[in-house]
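Trainee:
Residue numbers (the working numbering), protein chains in the order written: chain A, 3 to 74; chain B, 243 to 372.
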C-alpha cells in the first residue's frame with residue numbers, strides 16, 4: 003500500500019532518523035547516520051509514495067519493512 | 243577540467259499502487275523517484291541521483307555500495323534482451339498504451355559530475371511490452 007510522506011516521516015523518526023525538507027528541487031531527504039536517501043515531495047508532506055518506494059527506503063537504512071509499515 | 247563520469251541503468255515502470263504515477267529506479271545506486279510521465283520520472287530520478295552523489299561525496303562513501311539486489315538487475319537485463327531499443331526521446335515519449343501493454347522501460351544514463359552543475363545524458367533506452 004502507498005503511504006503519505008507525512009506518515010513515512012513519523013515512522014522514520016521512530017527509527018532515529020530525520021526527514022529534511024528540500025532547500026532546492028522537490029526531494030526531501032531521509033537522513034540517519036551517514037546515509038542520505040532522497041524522497042520525492044512534489045506535493046509536500048501530502049505526497050503519496052508507492053509501496054515499492056517504502057521497500058527501497060527500508061533497504062537503504064537496514065530497517066525491517068514489515069515493522070516499518072506497521073507504524074504507518 | 244576534471245569530472246567524474248557515471249554510466250547508470252534506470253528502469254521505469256508504472257507504480258502498481260498509485261494511478262497515473264511512474265517510478266524510475268536507478269539500480270546502480272538503488273535510488274528511486276516518481277513522476278506523472280516516464281520522462282518526468284527520469285528527470286526526477288536525476289535529481290535524486292544528484293542528492294545521493296553529493297551526500298556520499300560529503301562522507302567519503304562510494305555510491306555504488308548502494309547497488310540494488312540482483313533480482314532487480316535480472317529483471318532489467320531481461321527487458322534489455324527482449325525490449326525494443328531506440329533513442330531516449332523515441333522510447334520515453336511514445337504514447338502510452340493501456341496498463342497491461344507497457345511493462346517496462348530501461349534507460350541508459352550517463353552522468354557527468356563537475357562543478358557547479360551535474361550534466362545528465364540519455365543515449366539509449368529500451369521498451370519492453372508484455
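Yeah, the Cβ is synthetic: ideal placement off N, Cα and C, and Gly gets one too.
Skipping 5 residues on each side, what residues in its chain have a beta carbon closer than 6 Å to that of residue 47 of chain A?
Mentor: If we look at residue 47 of chain A and ignore the five residues flanking it on each side, its Cβ neighbours are 7, 8.
Trainee: For residue 278 of chain B versus residue 42 of chain A, is the C-beta spacing smaller than 8 Å?
Mentor: Taking 8 Å as the Cβ cut-off, residue 278 of chain B and residue 42 of chain A do not qualify as a contacting pair.
Trainee: Along chain A, which residues have their Cβ under 8 Å away from the Cβ of residue 308 of chain B?
Mentor: Those are 62, listed as they occur along chain A.
Trainee: Just curious, the beta strand (DSSP E) that residue 73 of chain A is in, first and last residue?
Mentor: Counting along the chain, residue 73 of chain A falls outside any beta strand (DSSP E), and DSSP gives it neither H nor E.
Trainee: Return the residues of the segment 49-73 of chain A that lie within a Cβ-Cβ distance of less than 8 Å from chain B, sorted by chain order.
Mentor: Under the 8 Å Cβ criterion, the segment 49-73 of chain A contributes 50, 51, 52, 53, 54, 55, 58, 61, 62.
Trainee: Check whether the Cβ atoms of residue 251 of chain B and residue 366 of chain B sit closer than 8 Å, and answer yes or no.
Mentor: No, the pair does not count as a contact, with Cβ atoms beyond the cut-off.
Trainee: Any beta carbon of chain A sitting closer than 8 Å to that of residue 353 of chain B?
Mentor: It does not; no Cβ of chain A falls within 8 Å.
Trainee: In the DSSP assignment, what are the bridge partners of residue 44 of chain A?
Mentor: BP columns for residue 44 of chain A are empty, so no partner.
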